[in-house]
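Encoded as structure tokens, the structure appears first; notes follow it.
Below you can see the structure in the form of structure tokens.
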């Protein structure tokens with residue numbers, strides 16, 4: 004069976020995910036396999052390679068430019084671009100209807 008929910012807050016989603024997993028644990032019988040899917044059950048861990056890549060960029064730019072200010076400008080611009088891009092996608096998904104496969 005497939006369950007669909009329309010939840011607006013992150014807190015409600017996490018609480019509902021815990022409730023669904025408890026119900027699934029109670030329903031364990033031989034021959035039944037329960038799979039959880041969707042955003043509410045996804046767990047994202049920040050990969051250590053992201054931090055190491057950022058640290059390498061800091062060191063390389065610091066050596067190449069020889070100044071903390073000159074090193075910080077490209078990194079700050081990149082982080083600002085990522086943040087504003089993620090924010091605009093979130094805003095667009097709120098204001099515009101998106102196909103189900105894209106969320």
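Residue numbers (my numbering): 4 to 106. Yeah, the Cβ is synthetic: ideal placement off N, Cα and C, and Gly gets one too.
Once DSSP output is grouped into helix, strand and coil, what is the label at residue i?
i	result
residue 102	coil
residue 5	coil
residue 57	helix
residue 44	helix
residue 70	coil
residue 38	coil
residue 49	coil
residue 96	helix
residue 63	helix
residue 25	helix
residue 12	coil
residue 30	coil
Check whether the Cβ atoms of residue i and residue j lie closer than 8 Å to each other.
i	j	result
residue 78	residue 64	yes
residue 8	residue 24	no
residue 20	residue 47	no
Leaving aside the five residues before and after residue i along the sequence, list all residues of the same chain whose C-beta is less than 7 Å from its C-beta, in chain order.
i	result
residue 60	78
residue 68	74
Can you name, in chain order, every residue of its own chain whose Cβ lies under 8 Å from the Cβ of residue i, other than the five neighbours on each side?
i	result
residue 76	none
residue 37	27, 30 and 31
Going by other Cβ atoms of all chains shown within 10 Å of its Cβ, with 16 needed for buried, is residue i buried or exposed?
i	result
residue 101	exposed
Between residue i and chain B, is the shortest Cβ-Cβ distance under 8 Å, so that the two count as touching?
i	result
residue 44	As a matter of chain content, chain B is missing from the structure shown, which is built from one protein chain.
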